[in-house]
Amino acid sequence: MFERSRQERGRRDGQAAVRGAGRAALALAAALAAACSSQAPVTADDDLVGGTEARDGDFPSTMVVRSNCTVAKVGPRHVLTAAHCVFDESRGEVRAEFQPGATMYVSSAANVDNTVAPEAAGYRAVTIAKVHVPGVFFEESVQAGWPRVLSTSAAPDVAVMEITAGSASAIDDIPEAAIDLSPARPGDRVVIMGYGCEKGVSAEKDYSRVRLKTQATRLVGVEATVHEGSYVQGVETPFGQNLAAQYVFTPGQGAEAEQASLCPGDSGGPVYRDDGRAKTIIGVNAYYSFADASVDPDRVSKTNWHTRLDGASRFDVGAWLAELGVRTVGGPASDHHAACATSGATGRSMCGSIRRYVDGAGGEAAFGAPTTEARMEKDDAGAWRWTQRFARKDVVEIDGVVTVRGEGPDARCAGVSSDGSYCGASLGDPDARALYRCRAGAVVSRTLCDDRCEVHAPGTPDACAGPAAVDPCSRAGSGDGRYCGASLGDGDPGALYQCRGKVTFAKTSCPSGCKVERAGVPDRCL
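One rule links them: number in my numbering = place in the sequence shown (from 1) + 14.
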């Protein structure tokens, strides 16, 4: 999940720092991998830390992105990788080199020379149309620079790069691999692979020539990640349980000499089933754990972590991939993204069990129009739940059971006895600055006071203690997302707002200014 140039870091149980934890992008340290890599130079006589050099055609859907990660073709225009390969962890957005219109060079050759021009090395040029990253990656905040996989939620480290129809012909001859939605279990045989470094995360690296290495191995349980020097303190901790629900694991050479370890450059590499049938992908190289640095200064992993892609994964990655048009087989898959209907009022979709529940309980007349797509969100207790927000109510699904959680902001005025202005605190709004104007039980406007909202005696409208300020996100014209303050009426050139339901969810100050992107692309800090 990190760039090769970053210092190694880690933390216990997704929170506490651990000595010698690695903050480098992943890759097969020895032969495989799990992280992003920038261009640096591998001599032909490098000893493998593990794994076997592949031959052309062994795993034809597997490719390398020049100066980046290992990927796999999983659809006519779909390329699978790890989210940290394309996602800026610190800014919480897709990196500039993977924004729409960017050129990406890929190769499926087993051995690639990076000392010559891309075309001379056999790379094919394709154009990025869009990069898809699970919503939780945007929702989860970075703490002290740690990657999102180490957050308590164990966010799924996976992304799909969609290339343009016009450039897809460049890789027409590369076959598509299918994602197997059937859950994989400890003991299952798999093959891991990647184009990464070969000596260890902290060892000397040379990327002037990269080669695809593979290792036939087996899955191990999450308990293997609990060892001296690991980030995981126990399988019964919230992080340990969440990790097992969203990741699968293979042994590294640091634990078993005959195995292979992840190292910078292999992040995003596919994990294939190895059961004698057609090759299908069940995971993506994502992260790893190490022994203490005093014991292993080169940082050769004890366990390799791979993002689960199946239909039973915690964040329902399988259904998300199927929705994007990725080729999938097996199952079962959830219906979170199935049987959808689009709201004419907001353009948002209602799908699966949430749609059935809403339709059976009065539809938009009772709930209001959907203001978000269904997605994993944190509830008030900090737990992640499958949630969809409607104008009047929030609908939550937990293990197939759908319930209504509270009411949306448009219903704040439903219980007032007369028209007028009311402080949000008296209407259930947690923001002490909120001032609502109510008419006939409906919200006419919501403003934010500069300081606070002042509650007056009955019969006297509530008012701001100072001049009222309109929430800038009320001017967001394209729904939820990130907007530069300049487009929302904020005169601060460095202001970047995270808007949700036309209400400010977060505000960031960009030291170098805020860049307004074209429609459909979130604004970002420079």
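All C-beta atoms in this analysis are idealised placements derived from N, C-alpha and C, irrespective of residue type, glycine included.
Reference residue i; option with closest CA among the options
i	options	result
Val145	Lys293, Ala326, Arg91, Gly429	Arg91
Arg138	Asp171, Arg162, Asp186	Asp186
Asp485	Val331, Cys354, Gly499, Arg69	Gly499
Asp537	Leu502, Thr522, Tyr497	Tyr497
Thr518	Gly201, Arg341, Arg447	Arg447
Ser181	Tyr119, Arg403, Glu237	Tyr119
Leu276	Tyr302, Arg80, Ser327, Val79	Tyr302
Gln402	Val372, Ser431, Val430	Val372
Gly235	Arg109, Tyr221, Gln260, Asp70	Gln260
Thr178	Thr129, Tyr436, Gly89, Cys467	Gly89
Arg199	Ala380, Thr386, Leu323, Pro189	Leu323
Ser494	Ala134, Val458, Ala388	Correcting the residue type first, residue 494 is Asp in the shown sequence and not Ser. Of the candidates Ala134, Val458, Ala388, the one whose C-alpha sits nearest the C-alpha of Asp494 is Ala388.
Close-in-space but distant-in-sequence residues of the same chain around residue i (CB under 7 Å, 5 per side omitted)
i	result
Pro114	Ile142, Ala143, Lys144, Val535
Pro525	Gly508
Thr117	Ala139, Thr141
Ala353	Cys365, Gly366, Arg369
Asp310	Gly268, Phe304
For residue j and residue i, believed in contact at Cβ under 8 Å, the rounded distance
i	j	result
Leu195	Gly282	Contact flag wrong, Cβ pair sits at about 19 Å.
Ala97	Ala173	4 Å
Pro284	Met207	7 Å
Ala305	Glu242	6 Å
Gly297	Val262	5 Å
Leu233	Gly266	In fact, because the Cβ distance is near 13 Å, the residues do not count as touching under 8 Å.
Pro197	Trp334	Wrong, their Cβ atoms sit about 16 Å apart, outside the cutoff.
Asn128	Arg223	6 Å
Status (buried if at least 16 other CB within 10 Å, exposed otherwise) for residue i
i	result
Pro462	Rather than Pro, the amino acid found at residue 462 in this sequence is Leu. Leu462 comes out buried.
Ser121	buried
His470	exposed
Glu107	buried
Arg162	buried
Pro472	exposed
Val314	buried
Arg460	buried
Val502	Note on identity: in this sequence residue 502 is Leu, with Val being the wrong assignment. Leu502 comes out buried.
Cβ-based neighbour list, residue i, same chain, cut-off 6 Å, excluding 5 preceding and 5 following
i	result
Ser488	Lys516
Ala383	Ser357, Ala359, Thr360, Ala405
Asn125	Arg225
Thr95	Cys83, Val85, Ala173, Gly282
Val205	Thr228, Ala230, Tyr286, Asp288
Glu531	Asp537
Thr522	Leu510
Gly455	Cys427, Ala428
Gly434	Pro475
Coarse secondary structure for residue i, derived from DSSP in three states
i	result
Asn128	coil
Ala336	helix
Glu378	helix
Pro486	helix
His92	strand
Val174	strand
Cys524	coil
Arg23	Residue confidence for Arg23 is low, a pLDDT of 32 falling below 50, so the modelled location carries little weight; the figure read from the coordinates is stated next. Coil.
Asn299	strand
Leu441	helix
Tyr371	helix
Cys211	coil
Cys427	helix
Cys513	strand
Ile185	helix
Ser308	coil
Phe16	In this predicted model, Phe16 has a pLDDT of only 26, less than 50, meaning its place in the structure is not dependable; the value taken from the coordinates is given anyway. In this structure, Phe16 counts as coil in the three-state DSSP scheme.
Cys83	coil
Gln247	coil
Beta-carbon contacts of residue i that lie in its chain and below 8 Å, excluding the five residues immediately before and after
i	result
Val240	Val246, Gln247, Gly248, Val249, Gly254
Within-7 Å CB hit, residue i to chain C
i	result
Cys528	Included in the structure is just one protein chain, with no chain C present.
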